[in-house]
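**Student:**
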Amino acid sequence: MASPFTRHDDSEKLTRLRQAGEEAARPFPELLADAERIAASVAQGVHGRRQRGTGENFWEYRHHRPEDGAAAVDWRMSARAQRLFVRENEREAASTVWLWREASPSMMFASSNVLPLKADRAAVCLIALAALLTRGGERVAVLGESERARTRALGLERVAVRLATGPGSTQSVEAPSLARHGTAVLASDFLDPIETWSARLSRFAALQAHGVLLRIVDPMEEEFPFKGRTRFEAPAGQDSLLFGRAEEAGKTYRKRWAEHGEALTALARRTGWTLVTHRTDRPATQAVLALYRALAREA
């Protein structure tokens with residue numbers, strides 16, 4: 001026999017779930033609008049990731065080499081220049097770029113109401129990058145969350161939703177699921193120990209995968225502007241430290257911060273990744289342009 005309260009309880013549950021869903025999706029339209037604006041701005045300053053290859057669109061002429069053979073000669077151009085030239089076409093085979101932005105407690109931080117959460121800025125940068133890539137016919141996917149890589153409007157839409165609202169679990173980089181020789185862009189504050197990130201990147205190396213690390217930094221983390229009696233709480237709210245004179249801890253903190261950054265730079269160089277550092281008080285276009293150019297060098 002059905003409970004007389006079932007329908008009422010289900011209605012309340014549905015209301016709670018709808019409200020929770022609306023709250024979770026609240027930042028998405030704003031993030032997507034920001035990303036589209038940034039992508040449009042960056043697109044004006046780049047010339048794509050074009051490469052010579054086996055497509056049908058003209059890329060460039062080059063001098064004929066003995067190994068090319070007679071069939072490769074462009075006789076019309078060669079007749080005009082009185083030298084043998086080969087016509088090369090643009091590569092058309094689309095590649096896949098796997099995107100990931102961490103959503104740990106430390107990424108849910110902004111030191112000011114006028115600054116974005118680090119996770120939101122990471123999402124905006126990656127969505128804007130995805131917009132640029134899909135416009136060029138590249139396939140995009142979210143590491144650990146996408147069933148398959150897609151391109152064009154459908155690819156951008158699905159990736160944008162996952163980047164804006166997905167869990168951003170570190171499991172995705174601890175057991176990466178991407179094809180061999182794949183390309184990835186990992187966005188994080190990279191505050192975990194260098195040894196942890198070294199182990200994670202080694203798993204990409206095992207797949208001969210490479211890419212770009214987007215390090216997101218809040219200005220307060222870099223500057224440590226605190227003075228006087230200050231209590232510091234861990235992002236998860238479990239631990240705290242109380243300093244009577246925070247400025248006395250500042251010198252040690254800044255030294256540790258610089259050492260961590262240097263170690264991360266060395267790790268990226270050693271493993272063949274490109275490191276891009278971005279502060280949330282600076283225009284996101286700077287980070288997106290740096291990411292796009294780094295991928296162009298990787299391609």
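Residue numbers (UniProt numbering): 1 to 299. Built from N, CA and C at the ideal position, the CB exists for glycine as well. On a predicted model such as this, the values are computed, not experimentally measured, just so you know.
(1) Classify L154 as buried or exposed, calling it buried when 16 or more other Cβ atoms lie within 10 Å of its own Cβ.
(2) For a minimum of 4 consecutive residues, which ranges assigned as the alpha helix (DSSP H) are wholly contained in the region 145-225?
(3) Can you grab the Cα-Cα spacing for the pair R293 / R229, in whole Å?
(4) Please list, in chain order, all residues of the same chain as S111 whose beta carbon is under 6 angstroms from its beta carbon, the five residues on each side excluded.
(5) To which residues does DSSP link F109 through a beta bridge?
(6) Please work out which residues of its chain come closer than 8 angstroms, Cβ to Cβ, to V276, disregarding the five sequence neighbours upstream and downstream, and give them in chain order.
(7) Considering only heavy atoms of the ligand GDP, does any lie closer than 7 angstroms to the CB of V142?
(8) Is it the case that the Cβ atoms of A164 and A122 are separated by a distance below 8 angstroms?
(9) Considering just the uninterrupted stretch of the alpha helix (DSSP H) at T285, what are its terminal residues?
(10) Just list the alpha helix (DSSP H) runs in the region 239-280, keeping only unbroken ones of 4 residues or longer that don't cross its boundaries, in chain order.
(11) Is the Cβ-Cβ distance between V42 and V97 less than 8 angstroms?
(12) Distance, Cα to Cα, T134 vs A206?
**Tutor:** Reading it off the structure:
(1) In the sequence shown, counting from the first residue as 1, residue 154 sits at position 154. With fewer than 16 other Cβ atoms within 10 Å, it is exposed.
(2) Fully enclosed alpha helix (DSSP H) runs of 4 or longer: 152-165, 171-174, 194-206, 219-223.
(3) Taking the first residue of the sequence shown as position 1, residue 293 is located at position 293. Taking the first residue of the sequence shown as position 1, residue 229 is located at position 229. Computed Cα separation, rounded: 44 angstroms.
(4) In the sequence shown, the residue the question calls residue 111 occupies position 111. Closer than 6 angstroms at the Cβ level, and outside the excluded window around S111, lie D218, M220.
(5) Along the sequence shown, one-based indexing puts residue 109 at 109. Beta-bridge pairing links F109 to no other residue.
(6) Taking the first residue of the sequence shown as position 1, residue 276 is located at position 276. Cβ neighbours of V276 within its own chain (closer than 8 angstroms, five residues either side excluded): V212, L213, L214, R215, A287, A290, L291, A294.
(7) The ligand GDP is absent from the structure shown, which contains no ligand whatsoever.
(8) The count along the sequence shown starts at 1 and reaches residue 164 at position 164. The count along the sequence shown starts at 1 and reaches residue 122 at position 122. In this structure, the beta-carbon distance from A164 to A122 does not fall below 8 angstroms.
(9) As a first step, residue 285 is located in the sequence shown; it is residue number 285 there, counting from the start. Counting along the chain, the unbroken alpha helix (DSSP H) around T285 starts and ends at 284-298.
(10) Contiguous alpha helix (DSSP H) elements confined to the region 239-280 occur at 246-271, taking only those with 4 or more residues.
(11) Position 42 of the sequence shown, counted from the start, is the residue given in the question as residue 42. Position 97 of the sequence shown, counted from the start, is the residue given in the question as residue 97. A distance of 8 angstroms or more separates the beta carbons of V42 and V97.
(12) Along the sequence shown, read from residue 1 onward, the residue named residue 134 stands at position 134. Along the sequence shown, read from residue 1 onward, the residue named residue 206 stands at position 206. Rounded to whole angstroms, the separation of the alpha carbons of A206 and T134 is 27 angstroms.
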